[in-house]
Amino acid sequence: MQKSMPFMMERGIDEKFHKTKLFKARIELFKEALNLHKAAIFACKEAVRTNLRALSVIFNDEKMAEKNGLEAKHRREIIKGLFLLTPVVSSTFASFNNTFKELLNGDIGMLLIDEAGQANLTNALGALLRSKMAVVVGDPLQLEPVVTLPVSLNNAILSYCEAKEEFNLLKSSVQLRADKAQNIGTYIKGSGESIWVGSPLIVHRRCANPMFEISNETTYDDMMILGRSAASKFANTNVQTKWIDVRSEEWIGNYNKAEGEVVKELLTSELADEKNNIRIITPFKDVCRNLKGAGTIHTMQGKEADIIVFVLGGATKGARAWAASKPNLLNVALTRAKEVIYIVGNRENWASLPYFEVAARKIDKG
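The numbering used here applies: residue 274 is where the sequence shown begins, and numbers increase by one.
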């Protein structure tokens, strides 16, 4: 978080000089805490070894654990002992309930939730109840949670519980809810009403221009600060950001055959020497089914590559309107690219749509 502060952004200064005395002191404190844990482990290594064997049984065979006389209270203490060995234990929300169900309220010292903008409220409930503190990190203006609860059932539950709209699972996320508990933050002008963002980290370090500029204009109300060189490391090569205009009516669902051929040609010619630094993304699953190596934007959330090939697809006005209904999808697509993005698709069809018109204005036609 400290590295995201504007006062840390002094150009031309080596990374090691960005660390304040407080930052360095925290690092040393963490090292000494690990040394203390290490000493404790070696002082009672037989007990630790026994606990590890028991932990393996608990995680892999619950019935065997019960058969061996490991009651719930014992299982709880053994699981807590895991945190003596490692300061951080990683889990998905999907597996958390089964793995840590023996823990009680407050057994976890600090819970760190990453990509919280993609998590719906119910996902995090069990983990939050078991934690003394929580740090929630995410971007409400990137991809939203996927909720499988039917709209009618969701609305019925809201009505029955007389719950406020901010607890609507179809319209909220862990990040949005956590932001509402923050006193420090700012409003960002979104596609509809302004969105309250708690403790915004406003220095962006991943993307060169024009990806940063487009994302900043379409999504963040020009509040972000670029914390890296604006120029791509490929600036003096043939690898350059461009929008390759493809006009064809050969469709398989939302996949356009001509767009696929353009991508294949790119990979064997202009980008042939950069294959290890490329990811192909698209809004539509039809493109993934028909174009080898392509993934949906949702699968790239939290990831990055030097070069992104963004295949638009979208056979109908409705499909394109869905992709452009909010800035989130384009924002994630653009900000996966660290250095260069190739947009492949019908420029005329997309350039008139919200948010994509900014991309068309800032990215040259290739």
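By construction, the Cβ of each residue, glycine as well, lies at the ideal position given by its N, Cα and C atoms.
DSSP places residue 612 in the strand class (E or B) of the three-state scheme. The straight-line gap separating the alpha-carbon atoms of residue 509 and residue 481 is approximately 14 Å.
Rounded to the nearest whole angstrom, the CA to CA distance from residue 356 to residue 328 is 12 Å. For residue 391, the number of other beta carbons within 10 angstroms of its own is at least 16, and it is reported as buried. In the three-state reduction of the DSSP assignment, residue 528 falls in the strand class, which pools E and B. Per DSSP, the continuous alpha helix (DSSP H) segment holding residue 452 begins and ends at 447-453. Taking every protein chain shown into account, the CB of residue 514 has 16 or more other CB atoms within 10 angstroms, so this residue is buried. DSSP places residue 316 in the helix class (H, G or I) of the three-state scheme. For residue 492, the uninterrupted alpha helix (DSSP H) segment begins and ends at 484-492.
Contact check for residue 301 and residue 574: beta-carbon distance about 34 Å, past the 8 Å limit, so the pair fails to qualify. At a Cβ-Cβ threshold of 7 Å, residue 610 and residue 624 do not count as neighbours. Following the DSSP letters along the chain, one finds residue 353 inside the alpha helix (DSSP H) bounded by residues 345-358. Here the C-alpha atom of residue 628 lies approximately 55 Å from the C-alpha atom of residue 324.
Here DSSP, grouped into helix, strand and coil, assigns residue 507 to coil.
In the structure shown, residue 372 falls within a helical segment according to DSSP collapsed to helix, strand and coil.
Inside the stretch 522-566, DSSP marks whole alpha helix (DSSP H) runs of 4 or more residues at positions 530-541 and 558-563, from first to last along the chain. With contacts defined by Cβ atoms closer than 7 Å, residue 405 and residue 379 form a contacting pair. Per DSSP, reduced to three states, the secondary structure at residue 432 is helical. Here the C-alpha atom of residue 339 lies approximately 47 Å from the C-alpha atom of residue 295. If you compare the alpha carbons of 604, 321 and 556 with that of residue 477, the shortest gap goes to 604.
By the C-beta criterion, the stretch 365-380 is judged not to be in contact with the stretch 414-423, since fewer than 3 inter-stretch pairs fall below 8 Å. Residue 337 is bridged by DSSP to nothing; it lacks a bridge partner.
Your pair residue 512 and residue 544 checks out as a contact, with CB atoms roughly 7 Å apart and the cut at 8 Å. Judged by DSSP in its simplified three-state form, residue 404 adopts strand.
A direct Cα-to-Cα measurement between residue 586 and residue 592 gives close to 9 Å. Residue nearest to residue 375 within the set 394, 345, 400 and 571 is 345 (criterion: CA-CA distance). Straight-line spacing of the CA atoms in residue 582 and residue 393 works out to 29 Å. The three-state secondary structure of residue 572, taken from DSSP, is helix. In the displayed model, residue 586 falls within coil according to three-state DSSP, outside both helix and strand. Comparing C-alpha distances from residue 452 to each of 411, 475, 529 and 336 shows the shortest one belongs to 411. Counting along the chain, residue 635 sits inside the alpha helix (DSSP H) bounded by residues 629-635.
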